[in-house]
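A.B. asks: Top to bottom, those sequences are chains A and B. Sequence positions in the first sequence follow numbering that gives the first Met the number 0 and run 0 to 338. Sequence positions in the second sequence follow numbering that gives the first Met the number 0 and run 0 to 335. Sharing a structure with you now.
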Amino acid sequence: MTPGARPVLATERAALMLQLVPYLISKGEVTVAEAAADFDVSETQMRAMVEKLTVIGRPGDAGYWQMANDLFDIDWDLLDEHDRISLTNAVGLEHAPRLTAREAAALLAGLQLARSLPGVGESGVIAGLLAKLARGASSAPADLIVAPEPVDDVRGSVDEALRRGVAVSFTYKAPDAPATTRTVDPVKVHIADGQWYLQGWCHLRQAMRTFHLDRVSDLALTDIAITHGEEQPPALFDMGETGNIVRIRFPDAVAPLLRGYLDRAQETIAHGDLTVAAIRVADPTSLKRLAAGRGGEVEILEPGGAREAAADWARAGLEQYTDTGAPERGGEDAPAPEG
Amino acid sequence: MPADDLSASTAARNAPEERLLNLVVALMATDQGLTKDTILGSVSGYREQGDSGASKDALEKMFERDKESLRALGVPIETIGDRLEPDDLRQARYRVPTSEYALPEEITFTPEEIAVLNLAAGVWGEASLSADARSGLRKIGSLGITVDEPIIGYSPRISLHEGSFAPLQRAIEQCRVATFPYLKPGDETPRTRRIRPLALAEYEGRWHVYGIDTEIEQERTFLLSRIVGAVKVTRESFDAGLREGAGERALQGLEDLARRQTALLEVHPGTEAALRLHRRGVPALQGIRVPFVDVHIFADELASYGPEVRVVDPPALRDEVRRRLRAALDLNGAAR
Numbered sequence: 000m001t002p003g004a005r006p007v008l009a010t011e012r013a014a015l016m017l018q019l020v021p022y023l024i025s026k027g028e029v030t031v032a033e034a035a036a037d038f039d040v041s042e043t044q045m046r047a048m049v050e051k052l053t054v055i056g057r058p059g060d061a062g063y064w065q066m067a068n069d070l071f072d073i074d075w076d077l078l079d080e081h082d083r084i085s086l087t088n089a090v091g092l093e094h095a096p097r098l099t100a101r102e103a104a105a106l107l108a109g110l111q112l113a114r115s116l117p118g119v120g121e122s123g124v125i126a127g128l129l130a131k132l133a134r135g136a137s138s139a140p141a142d143l144i145v146a147p148e149p150v151d152d153v154r155g156s157v158d159e160a161l162r163r164g165v166a167v168s169f170t171y172k173a174p175d176a177p178a179t180t181r182t183v184d185p186v187k188v189h190i191a192d193g194q195w196y197l198q199g200w201c202h203l204r205q206a207m208r209t210f211h212l213d214r215v216s217d218l219a220l221t222d223i224a225i226t227h228g229e230e231q232p233p234a235l236f237d238m239g240e241t242g243n244i245v246r247i248r249f250p251d252a253v254a255p256l257l258r259g260y261l262d263r264a265q266e267t268i269a270h271g272d273l274t275v276a277a278i279r280v281a282d283p284t285s286l287k288r289l290a291a292g293r294g295g296e297v298e299i300l301e302p303g304g305a306r307e308a309a310a311d312w313a314r315a316g317l318e319q320y321t322d323t324g325a326p327e328r329g330g331e332d333a334p335a336p337e338g
Numbered sequence: 000m001p002a003d004d005l006s007a008s009t010a011a012r013n014a015p016e017e018r019l020l021n022l023v024v025a026l027m028a029t030d031q032g033l034t035k036d037t038i039l040g041s042v043s044g045y046r047e048q049g050d051s052g053a054s055k056d057a058l059e060k061m062f063e064r065d066k067e068s069l070r071a072l073g074v075p076i077e078t079i080g081d082r083l084e085p086d087d088l089r090q091a092r093y094r095v096p097t098s099e100y101a102l103p104e105e106i107t108f109t110p111e112e113i114a115v116l117n118l119a120a121g122v123w124g125e126a127s128l129s130a131d132a133r134s135g136l137r138k139i140g141s142l143g144i145t146v147d148e149p150i151i152g153y154s155p156r157i158s159l160h161e162g163s164f165a166p167l168q169r170a171i172e173q174c175r176v177a178t179f180p181y182l183k184p185g186d187e188t189p190r191t192r193r194i195r196p197l198a199l200a201e202y203e204g205r206w207h208v209y210g211i212d213t214e215i216e217q218e219r220t221f222l223l224s225r226i227v228g229a230v231k232v233t234r235e236s237f238d239a240g241l242r243e244g245a246g247e248r249a250l251q252g253l254e255d256l257a258r259r260q261t262a263l264l265e266v267h268p269g270t271e272a273a274l275r276l277h278r279r280g281v282p283a284l285q286g287i288r289v290p291f292v293d294v295h296i297f298a299d300e301l302a303s304y305g306p307e308v309r310v311v312d313p314p315a316l317r318d319e320v321r322r323r324l325r326a327a328l329d330l331n332g333a334a335r
């Protein structure tokens with residue numbers, strides 16, 4: 000999250016300040032910058048919260064104003080001269096508040112996803128945490144369930160390679176491309192929408208590449224120590240300036256279902272209740288799969304080759320269903336693996 | 000408005016969060032509780048406004064609002080009624096019991112657990128859930144636990160694009176009946192559904208809400224992506240006991256459905272379809288059998304494989320796949 004990008008309401012500020020006191024006590028002394036980062040606020044907001052803290056305190060005896068030691072106080076010199084925060088008097092709020100139902104729910108769902116990681120799920124850590132979070136919440140969190148996924152051999156081996164810091168070799172079969180053998184320095188495993196991707200330095204392409212783990216087979220660990228582990232991985236589907244532009248047209252209502260593609264859109268133009276989007280893809284003919292899957296909703300406008308490929312793809316699929324006894328197996332529907 | 004109302008400019012001097020915090024400090028510092036009169040007369044924020052002429056009525060309203068705000072933040076404000084006249088709230092005392100306010104001290108976290116929690120807190124791409132997770136992590140962090148080496152090499156993400164998620168989560172927390180327009184594939188217009196929502200479940204990358212449809216009094220699961228309008232949280236509440244174990248039941252329901260519904264498919268070896276489907280299926284006499292939850296969503300996937308897969312059974316799935324392929328051909332087949 001970008002620090003300070005978030006507007007904060009009065010009740011949210013109160014919630015943050017309830018957390019601030021135990022935080023400052025546990026830290027002893029902390030820079031304004033570090034505290035701001037930990038609280039996802041700007042340094043100006045953090046400073047204002049700390050200053051505001053010093054007017055908070057126990058009620059004075061009826062009719063009297065509060066005494067100085069009834070209020071929170073900080074080391075002002077330290078703040079003014081060194082941008083560091085240190086609490087010098089606390090009059091309550093020393094304890095960390097319980098988690099709200101929403102905080103607990105957000106963490107519980109995250110833990111369920113973490114459970115599918117090799118080595119995490121089996122360790123028993125998750126079960127213990129689920130129970131602790133449920134006990135530490137002020138009211139029952141809504142059940143947010145993330146269906147568990149089994150750890151298969153490929154995922155397990157990639158995990159081992161990551162831990163040992165060695166390259167892996169495997170067969171990779173991208174759609175409509177011949178299978179290739181790759182040696183890859185693993186850098187990061189991305190899990191998004193239930194799909195697993197390995198990002199790493201590909202020895203064949205001499206560049207960072209992303210591999211869908213479903214398309215990986217015959218994976219083996221090598222003895223080659225990784226040399227590009229520190230490489231900063233690009234965003235998951237970042238194409239950079241490579242690839243080709245394809246123009247597609249679809250009803251607005253379909254847009255949410257095309258998210259993965261539209262995230263990469265160069266431009267989108269609305270025409271009535273239809274939208275035309277220009278998106279960048281490595282292989283324009285690959286959109287035939289999208290067009291068939293969203294049958295009748297996504298039209299490929301250009302390039303012409305991609306449009307033809309989409310029509311051919313749908314036709315070849317359809318021709319399997321001649322329904323005259325046994326399915327025909329012509330040359331047409333045998334997908335020729337080509338690069 | 001009367002002149003002594005809170006709209007008076009003097010009221011603006013103290014920021015509302017100061018008053019809220021002073022109230023929490025005061026209510027935590029007392030064991031036997033404070034009466035409303037004591038609070039309004041001595042807690043900073045109320046006291047100054049009273050001194051500068053705000054009416055008692057206005058102060059009391061402010062106190063009621065503040066109590067609600069704090070309870071929404073999870074601060075447990077206890078009301079202790081007068082023993083002789085329990086219904087007379089004028090003599091009621093208020094306090095915040097530390098034992099219910101604070102994270103219990105006996106809950107401790109190991110460095111390894113904190114490392115896993117750090118990973119778990121980072122999964123949300125969506126802003127408000129991400130903020131919730133980070134806030135929860137901060138509270139646990141201030142217990143002063145040393146952190147293990149972070150778990151590196153993984154970037155798990157839960158994406159959430161449905162606007163219906165937040166109101167449904169709220170309805171579950173508050174045990175309130177919710178309504179929403181739901182569009183089934185093939186239907187022309189959405190139908191309003193009315194449910195007691197019990198759990199939200201992500202299954203195969205899609206979010207579902209599980210609950211009891213009040214029209215038929217039966218448990219139902221709905222895809223969030225098919226909720227095509229605003230979710231309304233009604234005032235009608237339901238028994239919180241219904242929520243017990245609901246997440247497990249929701250998951251079980253989806254898994255049972257997948258077990259009951261399987262498709263018989265012929266898949267061309269060495270293709271994308273083969274790679275993606277074989278992981279999920281079991282070999283059969285003629286092709287493979289693959290379980291599925293929703294015929295329309297599975298038909299979308301199978302149609303995308305074009306000639307790489309042929310649906311043998313069931314007929315409904317077969318028809319849906321053919322319909323998609325036909326429509327895709329019609330739309331892209333004509334010369335431009």
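Here a beta-carbon is modelled for each residue, glycine too, at the ideal position from N, C-alpha and C. Please read these numbers as outputs of a predicted model, since none were measured by experiment.
With DSSP run on the structure shown, which of helix, strand or coil describes A:T284?
C.D. replies: Helix.
A.B. asks: Name, please, each residue of chain A whose Cβ falls closer than 7 Å to the Cβ of B:P166.
C.D. replies: Those within 7 Å of B:P166 in chain A number zero; the least Cβ separation is about 11 Å.
A.B. asks: Between A:A136 and A:A105, is the Cβ-Cβ spacing less than 9 Å?
C.D. replies: Contact flag unset, no.
A.B. asks: Nearest-angstrom Cα distance between A:A176 and B:P313?
C.D. replies: Distance between the alpha carbons of A:A176 and B:P313 is about 31 Å.
A.B. asks: Can you tell me which of the three DSSP states A:F249 falls into?
C.D. replies: Reduced to three states, the DSSP call for A:F249 is strand.
A.B. asks: Evaluate B:P306 with the Cβ neighbour count: other Cβ atoms within 10 Å of its Cβ, from every protein chain shown; 16 or more gives buried, anything less gives exposed.
C.D. replies: By the neighbour-count rule (16 or more Cβ atoms within 10 Å), B:P306 is buried.
A.B. asks: Using the beta-carbon count (16 or more within 10 Å), is A:W75 buried or exposed?
C.D. replies: It is exposed - the Cβ of A:W75 has fewer than 16 other Cβ atoms within 10 Å.
A.B. asks: Give the DSSP-derived three-state secondary structure of A:A155 in the structure shown.
C.D. replies: Correcting the residue identity first, residue 155 of chain A is Gly in this sequence and not Ala. Residue state, collapsed to three classes: helix.
A.B. asks: Please confirm if B:E172 has its CB atom under 9 Å from at least one CB of chain A.
C.D. replies: So, interface residue.
A.B. asks: At least one CB of chain A closer than 9 Å to the CB of B:E187: is that the case?
C.D. replies: Closer than 9 Å: no.
A.B. asks: Any beta-carbon of chain A closer than 9 Å to the one on B:Y100?
C.D. replies: Interface residue, yes.
A.B. asks: Looking only at its own chain, which residues have a Cβ that is under 7 Å from the Cβ of A:D72, when we skip the five neighbours before and after it?
C.D. replies: Excluding residues within five positions, the ones whose Cβ falls inside 7 Å are T53, T87 and N88.
A.B. asks: Identify the contact partners of A:M45 in chain B, using a Cβ-Cβ distance below 8 Å as the criterion.
C.D. replies: Ordered by position in chain B, no residue passes the 8 Å Cβ test against A:M45, which lies about 13 Å from the chain.
A.B. asks: Could you tell me the distance, in whole angstroms, from the CA atom of A:E318 to the CA atom of A:W312?
C.D. replies: Roughly 10 Å separates the two Cα atoms.
A.B. asks: Please go through the same chain and pick out, in chain order, the residues whose beta-carbon is closer than 8 Å to the beta-carbon of B:Q173, but skip the five residues on each side of it.
C.D. replies: For B:Q173, where only same-chain residues beyond five positions count, the Cβ hits under 8 Å are V232 and S236.
A.B. asks: Going by the CB atoms, is the gap between B:I151 and B:R242 shorter than 9 Å?
C.D. replies: No, the pair does not count as a contact, with Cβ atoms beyond the cut-off.
A.B. asks: Can you give me the start and stop residues for the beta strand (DSSP E) that A:H211 sits inside?
C.D. replies: A206 to H211 is the extent of the beta strand (DSSP E) around A:H211.
A.B. asks: Measuring alpha carbon to alpha carbon, tell me which of A:V275, A:N243 and A:D262 ends up nearest A:P283.
C.D. replies: Answer by Cα proximity: A:N243.
A.B. asks: Tell me the DSSP secondary structure of A:T10 in three-state form.
C.D. replies: Note: A:T10 maps to helix in three-state DSSP.
A.B. asks: Answer with yes or no whether the minimum CB distance from A:G271 to chain B is below 9 Å.
C.D. replies: So no, A:G271 is outside the interface.
A.B. asks: Would a C-beta distance cut-off of 9 Å place B:T78 and B:Y93 closer than the cut-off?
C.D. replies: Result yes, Cβ atoms of B:T78 and B:Y93 sit closer than 9 Å.
A.B. asks: Would you call the CB atoms of B:G140 and B:I106 closer than 9 Å?
C.D. replies: It is not a contact, given that the beta carbons lie outside the stated cut-off.
A.B. asks: Applying a beta-carbon distance threshold of less than 7 Å, which residues of chain B neighbour A:D192?
C.D. replies: Result: S158 and G204.
A.B. asks: May I have a chain-ordered list of the beta strand (DSSP E) segments no shorter than 3 residues that lie completely inside the segment 73-117 of chain A?
C.D. replies: Within the segment 73-117 of chain A, the complete beta strand (DSSP E) runs of at least 3 residues are 86-88.
A.B. asks: Look at the alpha carbon of A:A277 and the alpha carbon of A:E298, and state the distance between them as a whole number of angstroms.
C.D. replies: The alpha-carbon atoms of A:A277 and A:E298 are separated by roughly 12 Å.
A.B. asks: Please tell me whether A:P336 has its Cβ less than 9 Å away from any Cβ of chain B.
C.D. replies: The predicted model places A:P336 with a pLDDT of 31, which falls under 50 and marks its position as unreliable, so this point remains unresolved.
A.B. asks: Does DSSP classify B:D318 as helix, strand or coil?
C.D. replies: If DSSP states are grouped into helix, strand and coil, B:D318 belongs with the helices.
A.B. asks: Does DSSP classify B:K60 as helix, strand or coil?
C.D. replies: Of the three classes helix, strand and coil, the one that applies to B:K60 here is helix, per DSSP.
A.B. asks: Using the Cβ count rule (16 or more neighbours within 10 Å means buried), how would you classify B:Q285?
C.D. replies: Classification for B:Q285: exposed.
A.B. asks: Compute the Euclidean distance between the alpha carbons of A:L8 and A:L197, then round it to the nearest angstrom.
C.D. replies: So the alpha carbons of these two residues sit roughly 40 Å apart.
A.B. asks: For A:G3, decide whether its Cβ has a neighbour in chain B, counting only Cβ atoms nearer than 9 Å.
C.D. replies: The predicted position of A:G3 is uncertain, since its pLDDT is 43 and thus under 50; a value taken from the coordinates is nonetheless stated next. For A:G3, the answer is no, since every Cβ of chain B falls outside 9 Å of its Cβ.
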